[in-house]
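These notes are about the structure you will find just below.
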Amino acid sequence: MTTTKFVDIDFSRIESDRMRLNVGPQHPSTHGVLRLEVELDGEVVTNVIPHIGYLHRCFEKIAENMNYQQVIPYVDRMDYISSMNNELPYVMAVEKLMGIKVPEKVEYIRVIMAELNRIANHQIAVATFGLDAGAFTPFLYLFRDREYILWIFEKATGGRLLFNYFWVGGLANDVYPTFKEDVLNIVKQVRKTNKEIEELLIYNKIFIDRTANVGVLPADVAINYGCSGPVLRGSGVPFDLRKAEPYSIYDRFDFEIPVGKGEVGTVGDCWDRNIVRMREMEQSCRIIEQAIAQMPDSGDVQSAIPKKVRPPKGEVYFRCENPKGELGFYVISDGKDKPYRVKGRAPSFVNLSVLPEISRGYLFADLIVILGSIDIVLGEVDR
Amino acid sequence: MGLLDRLDNPFETGGIILGTLEDVLNWGRSKSDWYLHFGLACCAIEFMSMNASHFDFMRFGIIPRATPRQADFIMITGTVTLKMAERIKVLWEQMAEPKYCISVGSCANSGGPYWQYGYHVLKGVDRIIPVHVYVPGCPPRPEAMEEGMMKLQSLIDQQAIFRKRQRIAEEEALLKNKI
Amino acid sequence: METFNVFEKLLGQNILSALISVLLPLVFLIIYALIAILGELKISAWIQERLGPMRTGPYGILQPLAEVIKLIQKEDIVPAGANRLLFNLAPYVIFAGSFAGFAVIPFTAAFVPAEINIGLFYVFAVGAFAVIGIVMGGWASNNKYSLLGAMRSASQMISYEIPGALVILSAAVLANSLDMQKITALQDGGFWNWFLFGGPGGWSKIWILPFTLLLSLIYMITSLAETNRTPFDIPEGESELVAGYHTEYSGMKFAMFFFAEYSNMFIVAAILTVVFLGGWTSPFGSFMSGYWWGIFWFILKAMFIVFIQIWLRWTLPRVRVDQLMYLGWKILLPFALVCFVVISLYRIIY
Amino acid sequence: MEIQEIFGVLKEKFGDAIIDLVNEPPSDPFINVVPDKLFDICLELRDNPEFDFDYLMCLSGVDYPETLQVVYHLYSLNKKHKVVLKVTVPKDNPKVPSIERVWRSADWHEREAYDLFGIVFEGHHNLIRILLPYDWEGHPLRKDYKEPETYHGIRVPY
Amino acid sequence: MIDYFKNVWTWFYTILVGMKITLRHLFAKKVTIQYPNERYPIPPIARNRLQLDPDRCNGCLQCSRICPVQCITVETMKVVPDDPEQPKMFDGTPRKIWVPRYDIDFAKCCFCGLCTTVCPTEAIKHTTDFEYSSYTREGLIYHFSAMSPEKVEEKKKMLAEWTAKQKAAKAQQEKQAQASNEVN
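Protein chains in written order, with the numbering used here: chain W, 2 to 384; chain H, 20 to 198; chain X, 11 to 360; chain R, 130 to 287; chain U, 15 to 198.
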């Protein structure tokens, strides 16, 4: 089935009233409390104005009033879908300021946890994307698998969603004895379900027609808007911080960077962004398998935790590859117990700003799909 | 309302009829609650988990509705900010009676982790709308939300429908005496 | 088998038999709708590896009843700025439209509420009633989402009437009749006599067998579109238009929309059953055939179609407005036209 | 390119507009810049093929006791080098030229800095609040900010 | 034209593939845990409701200090050395500090687990109990102190007397010292 991009039609000659539609803050598919002011010409979107801030929880102000250890629970609550990945850059920024070298085992556990959480995050992203396109069943299959990952998290850390597990210099506690087997089982399960999802949803012709050639984001626009993560890679730019500037121990693993190739449509359309997430799950599985094989059995995960977290005067910007993109923490220390300033560079915040650019000229139904393909979390957009 | 009063009198055997009718009506309302498809923050993710296969919220007869007009109860799942507060109030007013509210998680209960320095956070959703059940947790486990739901169902089961004012007054008087 | 109306035969043509003929489908509709709602909940749950309602009666079978009891008690809201008359009227118009379709549905050889010789034509005409109700409701709600949903729905239903009508036309040509009882009676004598497999006749029907199969498929797709079911549920697509044309409806009026949707599902399933699956005839010739068995076969076949509708709903994503139109006008219509021509030729030759 | 080289080239081109280079590990090295010339410097950093800074990582405001500061973290996807620019403005007249036209990602970042710090970005096409409601008073991330008693009739403090 | 028919075929075929998968799941084993009757075994490490063992708490205030949300309110009181009761801790060591008030507000708690890690005597712990939703907000404030109000009053009085005595003794001492100074 062909899809016409409605931009090609000259609307200036057709005089019609524009309709202003408020989507959100309560709307089933705004992924939280985003409000979009949409200007419609019939069903064609002529302009979108995102209004954010409905979940502004004052993270940066609170961080100035907490000591370094106490900030971690709040960092969890920024991007609540991938908390492990949030803690990592913050903890590593403080470690860089203090010059702490964490033990080998800690690094491995951190990587495994972060990658597991990346899988969980992408599962939600693909699931809600399918939901936006109207497919309800894949949503539940993915959530079923995510539940198994959460059970591992709960067994290892005590929390299902918000962990407070990575501490400055180590971990809150060691993993449980059968951790390795459980993780390997999960990897197997994830692969099995992903194959099913590909048949049921990704390569379904209706789904392809809905998402291919929709919301095309060219590479140069994506870079200029500062997009990162699957949004940038979907446009064909092979940029991944785990490869570009390997932090932690990511240089020890063999994995690929999946990019959008325009298999069913144009490079950088919604389908490409989605397939990048699907393939990243597979790459995460590979990383986890390698990390499990290399992980040392013995070792104290708390040996490097400082008695008092009090970094010297200085400032550091540390960034990691969050599932959503580049998550950076800009930490300024004035030598006291509490950080002078913590700024979170949230990937969703930056990725969302490209929405008006790529949704102009498509149908209203496409706007929902485009928004779903960007995969935002409002907790991170508003902080 | 002479007839209703007579029916409600246990000595004229009407109490049984009305009581049974009341039970049936309450049963209908408590077993078929439709919630407003609405999530705010972290708790909404656990809320989604609860709808998923492992916990299956639909076992309680609960179906998501996207529009407040058709919803019976709202779950405030997450932090309510001041910008959002007025919207929630509007949503609540749009819902059709009888309606209920469950406040899920620390943020909705009292501002949670943000109660001290959160200049833009509403410290408890009960400042703007009435709350029937408070579910603690940050975020609560899906089972905890289900437990809160069961609490709400037992609340609905005991609600008075006939001679409402009189009975509410009696209950209040009883409560006062106790205190 | 001889066809007649059992109540008219027993009581004579009077007001009482007419009343019974009207009320019986209504009772059936209500019972069916409750079962279908439960089926929708349960089948969707099983497909998703869940259990569905479990705590309302044994295995949750009383769930639809609880819902009805609840909906009766809900407050009836008319939004400010809505057109009060049209807003209140719309659900009844839709329900009346879908219920009127039951008038010509032959449940068994011995019972059809109103036996008229243009039954198929009548069902189609009455089915278009729903569009009026939806547009009324959508416009009167004074809500942008409702209006968008109503407009989408109107365009969708009107464009899908055309391939649907072509399918019915082909069937009428094949059967030489528009009377639903006659069409059913023609297919008596086993499943190989169904119009799905080319209808009654000798080996020459092999020539049209692929075309009748295709026609039934086309009708299945159009029926989904006409009842606003996934993948064509864009008028009430939850992720886009909140709840579409019934966004502002609450309580009993919403229940009317709900009932109308399920009764529409049954009507299209019934048409499909009558036209292609042999209606009340037994699939095994004279085995298990008769007036009473007729009811069983008819409802079984119709329910199977309803099951397929539910099954599809929980499998597929939703199509987009322009794709819907593309599918209707550029795929279904040419295919239906080709089938129609072939079948007409076949009728002329044989 | 190393930070020293970048500093050298920039100093040669812009002279006094580039104040100094601060390099004290473990902090990231940064270059202090005069606000007036910021736009030209950024354009140079983006368009000069030697620099090729096509990616604005982060733009953050910082409130120091006397001054307000805007920090720009730049990165080049091709050359894989980065640079940090800092602009310091007085508190009573916090005006910084907008670089929204250089990197579009600065658009929302600048609105956020305006919202939370009250730094005015001159030349921004739509400088309004982004996170807080449009009728909010004050800029909360300043150290001397006091939270309001009520907002639209709702009590704010616990 | 070929593309057209190919498109139509892929439509049809992928729909059939999807239907096959959902049909398989229709008869698959269901994963639902029927919560009030069946329960998922919660690991002991899980962070749910906090529980204080008043016997173990030595009133060091570390938990309330580390708590990011300040949801733990602790009041402490010195134990008078000549208390006739001779209070003991869980392991038999003499108790130095009374804890007349130990309140946790679960409407604020963020379940981060920091308080349990800093506690030197493992008095405060996360339990696996999560079923404590309430009809009122006050119902979420838990009072963990083992002391009855009467006992608190009694101990307060005792402490006041003791401090007064100490003060008096101190004053006397000072007086004596002054006197001795003056003598010198």
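Positions of the beta carbon are idealized from the N, C-alpha and C atoms, including for glycine. All of these numbers come straight from a predicted model, not from anything done at the bench.
- Separation of the CB atoms of W:G269 and W:G237 is rounded to 6 Å, and the pair is thereby assigned contact status at 8 Å.
- Shown here, W:Y55 sits in coil according to DSSP, grouped into three states, outside any helix or strand.
- The distance from the Cβ of W:Y331 to that of W:V46 is about 35 Å, inconsistent with a contact at the 8 Å cut-off.
- Contact check for U:L173 and U:V94: beta-carbon distance about 6 Å, within the 8 Å limit, so the pair qualifies.
- Neighbourhood of W:Y81 in chain H, by CB distance below 7 Å: A60, C61, I64, in chain order.
- Selection X:I281, X:W324, X:W303, X:F345 evaluated against X:A113 yields X:I281 as nearest (Cα-Cα).
- Not flagged as an interface residue toward chain W: U:P134, since no C-beta distance is shorter than 8 Å.
- Under the Cβ criterion (8 Å, minimum of three pairs), the region 61-76 of chain W counts as touching the region 136-143 of chain H.
- Taking each of X:V284, X:Y360, X:M190 in turn and checking the Cα distance to X:A312, the smallest one comes out for X:V284.
- Membership of W:R346 in the beta strand (DSSP E) is indicated by the continuous run 342-346.
- When the beta-carbon positions are compared, H:A127 and H:V144 come within less than 8 Å of each other.
- The secondary-structure analysis by DSSP pairs R:Q198 across a beta bridge with R:V191, R:T217.
- Collapsing the DSSP output to three states places H:W53 in a strand.
- Under a 10 Å Cβ-count criterion, H:M77 is classified as buried, with 16 or more other Cβ atoms of the shown protein chains found around its own Cβ.
- Taking CB atoms only, X:R60 has a neighbour in chain U less than 8 Å away.
- W:E257 counts as exposed, since fewer than 16 other C-beta atoms from the protein chains shown sit within 10 angstroms of its C-beta.
- If the five residues before and after W:Y318 are omitted, its C-beta is found closer than 6 Å to the C-beta atoms of G329, Y331, all from its own chain and listed in chain order.
- Taking the Cβ atoms as the reference, X:A140 lies roughly 7 Å from X:N274, within the contact range of under 8 Å.
- A contact between stretches requires three or more CB pairs, one per stretch, nearer than 8 Å, and the region 342-351 of chain W fails this requirement with the region 99-119 of chain W.
- When Cβ pairs closer than 8 Å are counted between the two stretches, the region 60-70 of chain X is seen not to touch the region 324-342 of chain X, the count staying below three.
- Counting the other Cβ atoms within 10 Å of the Cβ of W:E281 gives 16 or more, which makes it buried.
- Cβ contact annotation for X:Q191 (same chain, cutoff 8 Å, sequence separation greater than five): T13, P116, A119, V122, E125, G129, in chain order.
- Per DSSP, U:T24 lies in no beta strand (DSSP E); the unbroken alpha helix (DSSP H) holding it starts and ends at 16-40.
- No Cβ-Cβ contact shorter than 8 Å links X:W321 with W:T138.
- With contacts defined by Cβ atoms closer than 8 Å, W:E148 and H:A71 form a contacting pair.
- Between X:I168 and H:A115, the C-beta spacing is not below 8 Å.
- By the beta-carbon neighbour count (other beta carbons within 10 angstroms, threshold 16), X:K80 is buried.
- Short of 7 Å from the beta carbon of U:K102, and not among the five residues preceding or following it, lie these beta carbons of its own chain, in chain order: P108, R109.
- Residues of chain X whose Cβ lies closer than 8 Å to the Cβ of H:A163 do not exist, since the nearest Cβ in that chain is about 18 Å away.
- Using a Cβ-Cβ cut-off of 8 Å, H:K170 is close to nothing in chain X; its nearest Cβ partner there is about 14 Å away.
- In this chain, the alpha helix (DSSP H) harbouring W:R280 covers 271-295.
- Note on geometry: alpha-carbon atoms of U:K171 and W:D335 lie some 46 Å from one another.
- Not a single C-beta of chain X is nearer than 8 Å to the C-beta of U:H140.
- When secondary structure is reduced to three states using DSSP, W:K106 falls in the helix class.
- Contact residues of the region 103-130 of chain U toward chain H are F120, A121, K122, C123, C124, F125 (C-beta to C-beta distance below 7 Å).
- Counting only Cβ-Cβ distances below 8 Å, H:Y153 has no contacts in chain W at all, with the closest Cβ about 19 Å away.
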